[in-house]
Amino acid sequence: MLCNNAGINRRGNLLALTPEDWRLSFAINVDAMFHLCQAALPHMIAAGGGAIVNTASQWGLYPAPNHIAYNVTKAAVASFTQNLARDYAPQKIRVNAVCPGEIHTPMLEAGVKRAGRTIADLDRLVPFGRIGKPEEVAALVAFLASDEAAFMCGSLVEITGAQAVA
Ligand SMILES: NC(=O)c1ccc[n+]([C@@H]2O[C@H](COP(=O)([O-])OP(=O)(O)OC[C@H]3O[C@@H](n4cnc5c(N)ncnc54)[C@H](O)[C@@H]3O)[C@@H](O)[C@H]2O)c1
137 MLCNNAGINR
147 RGNLLALTPE
157 DWRLSFAINV
167 DAMFHLCQAA
177 LPHMIAAGGG
187 AIVNTASQWG
197 LYPAPNHIAY
207 NVTKAAVASF
217 TQNLARDYAP
227 QKIRVNAVCP
237 GEIHTPMLEA
247 GVKRAGRTIA
257 DLDRLVPFGR
267 IGKPEEVAAL
277 VAFLASDEAA
287 FMCGSLVEIT
297 GAQAVA
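Counting from 1 along the sequence shown, just add 136 to a position and that's the residue number in this note's numbering.
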């Protein structure tokens, strides 16, 4: 099982970003996933199957303003997931992605502080009434990696407390 979860969020619209922001966002959010999948796939194929779970974002599906580098890299993660699933499903490699909404992690804390907002402000944006917890995303990742998800392949699973449909 391979889980590609590391990521960074360089905020800003196009004119606010440096080329280094753009390069680093792709290096960590996209290139690392490419290299790790290339390293792991031959072993999974030799073993007769495997599971890969990538961390995309709801912002890769529905872009939030002023996060162009992050949103574009997460759209790439989503497309990469679908492409890899399509290419390697015949070898029983299941590739899926989670697309979280607002989740209470150090990344989110940093963004909230920088924007001069509070967690309570974000809670109010979520129809479910609160932002998500890391363990709620972890449970979804564990499910997608498990044999319980045996027929899930190429799925982009949103976990947003209904924010994505608000
Ligand atoms: N928190 C959210 O609201 C949210 C929403 C959607 C998606 N995500 C995604 O979830 C994933 C986890 O994010 P998080 O919220 O826990 O953020 P975080 O900043 O708290 O954690 C990010 C993790 O990535 C690792 N990382 C960053 N750069 C690295 C590098 N160069 N090499 C190795 N590891 C590196 C960090 O060490 C850290 O463990 C990310 O892909 C993020 O984009 C987060």
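Yeah, the Cβ is synthetic: ideal placement off N, Cα and C, and Gly gets one too.
Which whole-angstrom value describes the C-beta separation of Gly-196 and Ile-229, a residue pair presumed to lie in contact below a C-beta threshold of 8 Å? About 21 Å separates the two Cβ atoms, so there is no contact after all.
Nearest CA to the CA of Ala-142: which residue from Ser-291, Val-293 and Lys-210? Lys-210
Cβ separation of Asn-165 and Ile-144, assumed to be a contact under 8 Å, to the nearest whole Å: 7 Å
Could you tell me which residues DSSP puts in a beta bridge with Leu-292? Ala-233
What residue from Asp-259, Thr-191, Ser-215 and Ala-246 has the CA that sits closest to Ala-234's CA? Looking at the sequence shown, residue 234 is not Ala but Val. It is Thr-191 whose Cα lies nearest to the Cα of Val-234.
Below 8 Å on the Cβ atoms is my guess for Leu-172 versus Asn-140; work out the distance and round it to an integer in Å. 6 Å
Does the beta-carbon of Gly-297, which I'm using as the reference point, lie nearer than 6 Å to any heavy atom of ligand 1? no
Beta carbon of Ala-275: closer than 6 Å to some heavy atom of ligand 1? no
Among the residues of its own chain, which have a CB less than 7 Å from the CB of Val-273, if the five just before and after it don't count? Val-234, Pro-236, Ile-239 and Ile-295
From what residue to what residue does the alpha helix (DSSP H) around Val-213 run? 204 to 224
Which partner residues of Ala-187 appear in the DSSP bridge assignment? Arg-230
Identify every run of the beta strand (DSSP E) within the region 234 to 270, keeping only runs that are complete inside it and at least 3 residues long; order them along the chain. none
Could you work out which residue in Glu-245, Ala-300, Val-293 and Glu-284 is closest to Thr-217 when comparing CA atoms only? Val-293
Can you tell me the Cβ-Cβ gap for Leu-150 and Ile-204, rounded? I've got them flagged as a contact below 8 Å. 6 Å
Under the three-state reduction of DSSP, which class applies to Leu-153: helix, strand or coil? coil
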